[in-house]
Amino acid sequence: MSLSTAIAPSKYPPMRVYNLILGSSTILLDIRSREDYNSGHIQGALHIRLPPLEDIQQDFNWDSLISNRKDQGKWAMRKRSTIAVYDEGLSGGGGEALALAELLGESAQCMAVGYLSGGMKAWRVRYPFLVLQHLPPVPLALAARFSALSFTQREVEFYGAKVLLAGAKTFDQLKEICVTNEDGKVDEACRKRLVDILCPLCDEHVETILSAFCPPEVVQETVDSVPSGPPPPPPPPPEKIVAKKKAFALVDVESSHEELLMEATRTHVYPSEVVEDFLFLGGLQCAEDREVLRRLNITRILNMTSEHVNPFLDDPDLTYCHLPIDDSPDKDISSLFESGFNFLKDSKAAGTKVLVHCAMGISRSATITIYFLMREHRWTLKQAFECVYDERPFINPNKGFIQQLLQFEKTIGASPPTVVEFQERRTPIFKCEE
């Protein structure tokens with residue numbers, strides 16, 4: 000192997016890994032034990048059986064790292080991908096994650112490679128909503144009842160188990176789950192497994208999962224309270240919603256909990272995090288997903304579209320700034336620079352997180368974000384563009400917007416001046432003036 004082909008590994012902070020996994024050409028490798036992986040791993044990560052590092056020689060069979068047949072196809076694409084390796088993050092200096100990243104780089108097994116700084120420990124703190132569990136299926140004979148609740152009752156089939164959901168508005172309301180086996184005795188082991196499977200699902204996912212795997216014909220009718228645990232006082236029975244179950248094919252009992260959760264979360268699109276804990280850049284789909292905004296704790300939104308309204312104007316927790324403009328080279332986006340900058344400056348001063356968006360998060364929103372960074376740091380266009388591009392590598396402001404940014408660069412005296420080579424249908428090339 001030629002030394003010229005070797006790739007030096009990078010230290011990836013959690014924000015960089017977050018932005019990397021928003022794309023399709025990143026492979027995450029979890030090198031912890033299978034038990035740790037099952038208890039919680041980054042969404043989309045592949046688990047590998049890490050051999051002794053001294054056994055990884057020049058002729059090592061890298062394909063042997065992945066034992067899961069479902070993941071082997073993705074692993075086979077590694078030479079055209081960026082690889083990020085992570086462990087629990089207890090060593091502080093990268094440990095085996097760094098060592099494996101170095102070996103992957105030395106053997107040129109990928110386009111780029113790095114390790115997650117702080118490991119899984121740091122990831123859980125920053126992005127807990129992107130931590131998934133992989134748990135064994137519930138036995139078919141398991142019968143479960145959510146007790147101590149007096150909400151709407153719905154009976155569904157979940158992994159072939161008969162589960163009575165008490166319609167709790169949040170999982171915090173699920174105080175006790177009484178699970179009995181076929182002999183009518185409490186089965187604590189099964190109870191724990193059911194809790195482990197259901198409780199990690201975010202509150203808003205439960206209806207999505209139920210409707211995905213058991214779409215009910217819901218009818219209104221009055222029913223008696225379903226007995227569970229000690230009998231409640233005899234208040235008048237509330238009106239309930241009961242699901243008339245259809246005949247349907249249960250999900251394969253070999254399916255993993257991760258697949259269920261992926262089914263529930265597959266429609267969420269997350270914005271790129273350009274400035275840590277402050278500025279996010281994305282498209283309309285992010286701005287219209289209230290759950291994404293909640294998870295990222297985004298409370299301010301800068302809308303750069305002329306064709307889309309602000310969807311949550313009645314939400315008192317959100318503050319909007321709408322600067323409408325078409326994505327056309329002949330439009331004067333510079334007339335909006337001052338208003339956009341002031342909104343972002345105020346958001347930063349308030350310690351809040353802000354989403355800057357247009358339709359796709361490519362041109363208009365990227366332009367105002369680049370302008371903010373140029374003005375905030377007195378950067379050249381090249382410096383600001385590369386900062387944003389590193390976190391969102393598909394931005395592509397139109398030619399007219401770039402020329403207006405070049406004019407602004409002259410007014411702040413940033414040097415060396417930027418020279419732009421425009422390319423047809425491709426991102427421009429930014430160079431420094433010699």
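Using numbering that gives the first Met the number 0, read the sequence shown as starting at 0 and increasing by one per residue. In this text, a Cβ means the ideal position worked out from N, Cα and C, and glycines have one as well.
Helix, strand or coil at residue i [DSSP, three-state]
i       : result
Met-14  : helix
Asp-316 : coil
Leu-89  : coil
Ala-248 : Note that Ala-248 scores 28 on pLDDT, short of 50, meaning its location in the model is unreliable; the coordinates nonetheless yield the value given after this. Looking at Ala-248 - three-state DSSP - the assignment turns out to be coil, as it is neither helix nor strand.
His-46  : strand
Asp-331 : coil
Ser-271 : strand
Asp-202 : Caution is warranted here: a pLDDT of 42 is assigned to Asp-202, below 50, making its placement in the model unreliable, and the coordinate value is therefore given only provisionally. Reduced to three states, the DSSP call for Asp-202 is helix.
Asp-29  : strand
Met-261 : Because the pLDDT at Met-261 is just 45, under 50, the model does not fix this residue reliably, and the point stays unresolved.
Leu-19  : helix
Cys-386 : helix
Cys-109 : coil
Leu-280 : strand
Trp-378 : coil
Arg-391 : coil
Thr-4   : helix
Asn-341 : helix
Ser-24  : coil
Ala-413 : coil
Ala-75  : coil
Asp-54  : helix
Tyr-126 : coil
Ser-66  : coil
Glu-95  : helix
Phe-371 : helix
Glu-287 : coil
For residue i, the residue or residues it bridges with in DSSP
i       : result
Gln-422 : Arg-425
Ala-365 : For Ala-365, which the question treats as bridged, DSSP gives no partner whatsoever.
Asn-302 : His-321 and His-356
Tyr-114 : Lys-10 and Val-84
His-40  : Leu-131
Lys-430 : Val-418
Ile-297 : Lys-352
Proximity to residue i [Cα-Cα], best of the options
i       : options                               : result
Gly-104 : Ser-90, Thr-81 and Met-119            : Thr-81
Met-370 : Ala-349, Ser-63, Leu-28 and Leu-405   : Per the sequence presented here, residue 370 reads as Tyr, with Met not at that position. Considering only alpha carbons, the answer is Leu-405.
Ser-9   : Val-84, Arg-374 and Pro-310           : Val-84
Leu-115 : Asp-86, Ala-98 and Ala-107            : Asp-86
Asn-341 : Ile-428, Pro-315, Asp-326 and Ile-300 : Ile-300
Cys-109 : Thr-4, Gln-132 and Arg-31             : Thr-4
Leu-102 : Leu-49, Arg-68 and Pro-328            : Leu-49
Thr-409 : Asp-389, Lys-381 and Trp-74           : What sits at residue 409 in the sequence shown is Lys, not Thr. Taking only the C-alpha atoms, the option nearest Lys-409 is Lys-381.
Ile-332 : Asp-62, Ala-7, Phe-407 and Leu-312    : Phe-407
Ser-23  : Ser-32, Lys-120 and Ala-44            : Ala-44
Gln-42  : Asp-54, Pro-328 and His-267           : His-267
Phe-421 : Leu-335, Lys-398, Ile-411 and Ala-413 : Lys-398
Cys-431 : Gln-403, Glu-385 and Lys-69           : Glu-385
Pro-447 : Pro-12, Pro-315, Leu-312 and Ser-338  : Residue 447 lies beyond the stretch modelled for the chain, which goes from 0 to 433, so this question has no answer here.
Gly-117 : Cys-320, Gln-132 and Ala-96           : Ala-96
Leu-52  : Leu-99, Leu-27, Ile-6 and Arg-77      : Leu-99
Asn-296 : Leu-317, Gln-284, Val-308 and Asp-62  : Leu-317
Leu-283 : Ser-327, Tyr-269 and Arg-294          : Tyr-269
Ile-411 : Pro-427, Leu-372, Asp-62 and Asp-389  : Leu-372
Ser-346 : Cys-320, Thr-25 and Leu-335           : Cys-320
Pro-416 : Ala-383, Arg-424, Asp-389 and Thr-426 : Ala-383
Lys-120 : Leu-312, Gly-93 and Leu-343           : Gly-93
Ser-90  : Val-130, Asn-37 and Arg-31            : Arg-31
Asp-276 : Ile-20, Phe-336, Ser-414 and Ala-349  : Ala-349
Gly-39  : Asp-313, Gln-132, Asp-326 and Ser-327 : Gln-132
Leu-327 : Gln-403, Ala-413 and Ser-414          : Residue 327 is actually Ser in this sequence, not Leu. Nearest C-alpha to Ser-327: Gln-403.
Ala-107 : Asp-58, Ile-428, Arg-293 and Lys-330  : Asp-58
His-356 : Arg-424, Lys-344, Val-308 and Asp-389 : Val-308
Cys-285 : Leu-21, Ala-7 and Ile-6               : Leu-21
Leu-312 : Glu-423, Arg-289 and Lys-73           : Arg-289
Within 7 Å, strictly: CB atoms of residue i and residue j
i       : j       : result
Ser-271 : Asn-60  : no
Val-418 : Ile-401 : no
Thr-366 : Thr-298 : no
Val-353 : Leu-280 : no
Asp-460 : His-46  : Not covered by the structure: residue 460. The range shown for the chain is 0 to 433.
Val-273 : Val-387 : yes
Gly-88  : Tyr-11  : no
Ile-26  : Arg-79  : no
Ile-65  : Gln-71  : yes
Glu-287 : Pro-310 : yes
Any chain B beta carbon closer than 7 Å to residue i
i       : result
Ala-348 : Within the model displayed, chain B is absent; a lone protein chain is all it includes.
Flag this pair as touching only if the region 385 to 396 and the region 353 to 362 have three or more C-beta atom pairs under 8 Å; answer yes or no.
yes
I'd like to know if the region 12 to 31 and the region 122 to 134 are in contact, where contact means that at least 3 CB-CB pairs between them fall below 8 Å.
yes
Touch check for the region 369 to 386 and the region 301 to 310: three-plus C-beta pairs under 8 Å?
no
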